[in-house]
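Asks:
Right, here's the structure in full:
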């Protein structure tokens, strides 16, 4: 048991080093498009997953009243970092997301699975579209907190905008190809609608980061959330920070999943 635990810790450490290398150890390649920054306000770019905007965020997600479970709650602290960079003439946005479970229906706490995202972006007169790759790494510290699988798949989406309005949709797909043989395969498609309306005094309102998920293993929708998000951009001694509050309700009640989720996010913005 001790050897298995040590092996798991070594795996987590190695993958975290990989994520840091991708997002933090390539400063010579980090490059934003000045024309993009002039065409899009900072508060709007903070809500645009295709924007060339370096940022680091921490989000607390509290979920209650799990479907098909009695009196169970969950809490996740989600760490995320995004980094724009260039390879040749192609513009990319790299993103790493790592959940930390502080409360779960299983009673286990610790790290969840790491997701890395690399999106090539292309500017258009109406906004921006992108295509790339999303990858899954089994960094969970306990079986109940992750999939136990390595996975990858395509990502595709677009964001259209004008000075006060942002809308679009993104699709991500994950299919497992390696990992623990006794664990269920991962085959999911995720749709994320994007809508954000700018308000006076650096406020904005829109849809939450709804992950509408279809599970190909079950041939059914695993998650059907609908949510709202309110954002405020402020500056502290020159540092731009976005605060966001979110409420989501999940209409899919056939599986074990949160009925509702409230979250609070702090995102530090670093325009390049």
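In the numbering used here, the protein residues as written are 1 to 272. Don't be surprised by glycine CBs; every beta carbon is placed ideally from N, CA and C.
(1) Count the other C-beta atoms from every protein chain shown that fall within 10 angstroms of the C-beta of residue 28, then say buried if there are 16 or more, exposed otherwise.
(2) Residue 139: buried (16+ other C-beta within 10 angstroms of its C-beta) or exposed?
(3) Roughly how many angstroms separate the alpha carbons of residue 40 and residue 52, rounded to a whole number?
(4) Jot down the residue ranges of each uninterrupted beta strand (DSSP E) in the segment 78–105, minimum 3 residues, whole runs only, in chain order.
(5) Three Cβ pairs or more, each shorter than 8 Å: is that satisfied between the segment 87–102 and the segment 44–58?
(6) What would DSSP say about residue 22, mapped onto helix, strand or coil?
(7) Expressed to the nearest angstrom, what Euclidean distance is found between the alpha-carbon atoms of residue 272 and residue 83?
(8) Which one of 102, 72, 213 and 159 has the shortest CA to CA distance from residue 189?
(9) In three-state DSSP terms, what is residue 3?
(10) Hey, quick one: how far does the alpha helix (DSSP H) through residue 42 stretch, first residue to last?
(11) Can you look up residue 229 in the DSSP assignment and give me helix, strand or coil?
(12) Any contact of the segment 169–182 with the segment 60–67, i.e. 3+ C-beta pairs under 8 Å?
(13) Take the Cβ of residue 222 as the centre, count every other Cβ of all protein chains shown within 10 Å, and call the residue buried at 16 or more, exposed below.
(14) Applying the 10 Å Cβ sphere with the 16-neighbour rule, what's the burial state of residue 68?
(15) Compare the C-alpha of residue 108 against each of 176, 263 and 143 and name the closest.
(16) Taking residue 241 and residue 267 to be in contact with their CB atoms under 8 Å, please state how far apart those CB atoms are, rounded to whole angstroms.
(17) Could you give the first and the last residue of the continuous beta strand (DSSP E) run that contains residue 167?
(18) Looking only at its chain, what residues have a beta carbon closer than 8 Å to the beta carbon of residue 256, apart from the 5 residues adjacent to it on each side?
(19) My guess is that residue 131 and residue 156 are in contact by the Cβ rule of under 8 Å, so how many angstroms apart are they, rounded?
(20) Which one or two residues does DSSP pair with residue 257 in a beta bridge?
(21) Looking at the strands, I want to know which residues DSSP matches up with residue 129.
(22) With the cut-off set at 7 Å, would you say residue 186 and residue 151 are in Cβ contact?
(23) Taking a contact to mean a Cβ-Cβ separation below 7 Å, would you say residue 249 touches residue 226 in this structure?
(24) What does DSSP give as the partner residue(s) for residue 215 in the beta ladder?
(25) My assumption, with CB atoms under 8 Å, is that residue 79 sits in contact with residue 58. Please give the rounded CB distance.
(26) Identify the residues that DSSP records as bridge partners of residue 264: which are they?
(27) Which one of 262, 232 and 236 has the shortest CA to CA distance from residue 46?
(28) Would you check if the distance between the CB atom of residue 264 and the CB atom of residue 245 is smaller than 7 Å?
Replies: Reading it off the structure:
(1) Since pLDDT at residue 28 reaches only 39, below the 50 mark, its modelled position is unreliable, and the value read off the structure follows with that caveat. Exposed, by the Cβ-count rule.
(2) buried
(3) One Cα belongs to residue 40, the other to residue 52, and the distance between them is close to 10 Å.
(4) 90–103
(5) yes
(6) In this prediction, residue 22 has a pLDDT of 48, which is less than 50 and means its spatial position is unreliable; what the coordinates show is noted afterwards. The answer is helix: DSSP assigns residue 22 an H, G or I state.
(7) Each residue's Cα considered, the two are about 10 Å apart.
(8) Comparing Cα positions, the closest option is 213.
(9) For residue 3, the predicted model reports a pLDDT of 46, less than 50, meaning its position is unreliable and no value from the coordinates is stated.
(10) Judged by DSSP secondary structure, residue 42 falls within the alpha helix (DSSP H) whose first and last residues are 42–45.
(11) DSSP places residue 229 in the strand class (E or B) of the three-state scheme.
(12) no
(13) Buried: at least 16 other Cβ atoms inside 10 Å.
(14) When all chains shown are included, residue 68 counts as exposed.
(15) 143
(16) Right, the Cβ-Cβ distance comes to about 7 Å (below 8 Å), so this counts as a contact.
(17) Start and end: 165–179.
(18) 66, 67, 68, 69 and 105
(19) 5 Å
(20) 67
(21) 122 and 158
(22) yes
(23) yes
(24) 188 and 220
(25) 6 Å
(26) 60 and 245
(27) 232
(28) yes
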